[in-house]
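Each remark here refers to the structure printed beneath this line.
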Amino acid sequence: MDLEKHPQKPAAPAENGPAARPSDSMRASDADRDRIADILRDALAEGRLDAEEHSERIEAVYRAKTLGELQPIVQDLPAAAAAAKAREAAPYGYGPEVGAGPGENLVAVFSSTVRKGRWSIGQRTNAYSIFGSIEIDLTEALFQQRVTVINATSIFGSVEVRVPENITLRGTGSGLFGNFEIRALEAANPDAPVVVVSGYSVFGHVEAKPKRGRRVADLHNRLRKYLS
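Residues in the sequence shown are numbered consecutively from 480, following the numbering used here.
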């Protein structure tokens, strides 16, 4: 055949090829790597992987930097498919809607205040730090509503907010001779809790960011047990 008379056409891209999901480019957390390692451990115990395969895949898990690099490591194992289906099907559970009230006040004047552990956070929390420090750790908190607002005021003091890695974190504020920093975070699940931090600092420091390796898990069951 004369190639000059019948030039070859470039191959058309496959229409049914796997499309990359937006979440695949997200950075993997320690909790994500531990979850994949648990699936590999179970596969080893069930005889689906031998010791050499398990070792190779574990090394790949802790070298992975994104969620897209983690998923192929376990895509041929049934536990991975079941876990993904359960995560997609399980809705977030919230308590009954209540009207907006005055909210909880956390005050530190020449002192320190810490709110952490297993606690139920309301719709609004007001944090006032004057020559003091306030720490608000939401990594084990129970969210009774989807949107939680934290108003932070720091005058010659500090307010630090820590959230799990799988919720949405937003905020806005200003600093006058001070620092107001919100490390924005967008959850892959559109129904995940949303924490909004606002306020201002004067010769002070306000910071909100995710806590590495900490995630909200089994929210519905945790909330049900807490309310029962």
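In this text, a Cβ means the ideal position worked out from N, Cα and C, and glycines have one as well.
- What are the boundary residues of the beta strand (DSSP E) that includes I537? Secondary structure note for I537: it is in no beta strand (DSSP E), and the uninterrupted alpha helix (DSSP H) holding it is 530-542.
- Can the beta-carbon of V675 be found closer than 8 Å to that of R649? Taking a C-beta distance under 8 Å as the contact criterion, V675 and R649 qualify as a contact pair.
- Task: Mind the definition here: the segment 611-626 touches the segment 650-660 only if three or more C-beta pairs lie below 8 Å; say whether that holds.
- Result: Not touching, per the Cβ criterion.
- Task: Please classify R597: does DSSP put it in a helix, a strand, or coil?
- Result: Coil, per DSSP.
- Report the partner residues of D555 according to the DSSP bridge assignment. Paired residues: none, contrary to the question.
- Query: Is the beta carbon of E614 less than 8 Å from the beta carbon of E639?
  - Reply: E639 sits close to E614, with the two beta carbons spaced by under 8 Å.
- Three-way DSSP call (helix, strand, coil) for A620 in this model: Coil.
- In three-state terms, what does DSSP make of I515? Of the three classes helix, strand and coil, the one that applies to I515 here is helix, per DSSP.
- Task: Could you tell me how far apart the beta carbons of M505 and L556 are, in whole angstroms, since I believe they sit closer than 8 Å?
- Result: The pair is not a contact, with the Cβ atoms about 21 Å apart (cut-off 8 Å).
- Query: Going along the chain, which residues of its own chain have a beta-carbon closer than 8 Å to the beta-carbon of T647, five neighbours each way excluded?
  - Reply: Spatial neighbours of T647 in its own chain (CB-CB distance under 8 Å, excluding positions within 5 residues in sequence) are listed in chain order as L664, E665, A666, A671, P672, V673, V674.
- Item | Distance CB(G636)-CB(I661) smaller than 8 Å | In this structure, G636 sits away from I661, with a CB-CB distance that is not shorter than 8 Å.
- Item | Spatially closest choice to E548 from H533, D511, L617, by CA coordinates | For E548, the nearest C-alpha among the options comes from D511.
- Task: Reducing DSSP to helix, strand and coil, say where S653 ends up.
- Result: Here S653 carries a strand assignment [DSSP, helix/strand/coil].
- Beta-carbon gap between E583 and R597 smaller than 8 Å: Contact: no.
- Message: Comparing C-alpha positions only, which one of S591, V553, T604 sits nearest to I537?
- Response: Distance check between I537 and each of S591, V553, T604 places V553 closest, using alpha-carbon atoms only.
- Message: Assuming A606 is part of the beta strand (DSSP E), what are its boundary residues?
- Response: Per DSSP, A606 is one residue of the beta strand (DSSP E) stretching across 603-609.
- Sort R514, A522, L523 by Cα distance to V540 and report the nearest one. With distances taken between CA atoms, V540 lies nearest to R514 out of R514, A522, L523.
- Between the C-alpha atoms of G678 and N668, what's the straight-line distance to the nearest angstrom? A direct Cα-Cα distance of roughly 27 Å separates G678 from N668.
- Item | Beta-carbon proximity check, V628 vs Y607, cutoff 8 Å | With contacts defined by Cβ atoms closer than 8 Å, V628 and Y607 do not form a contacting pair.
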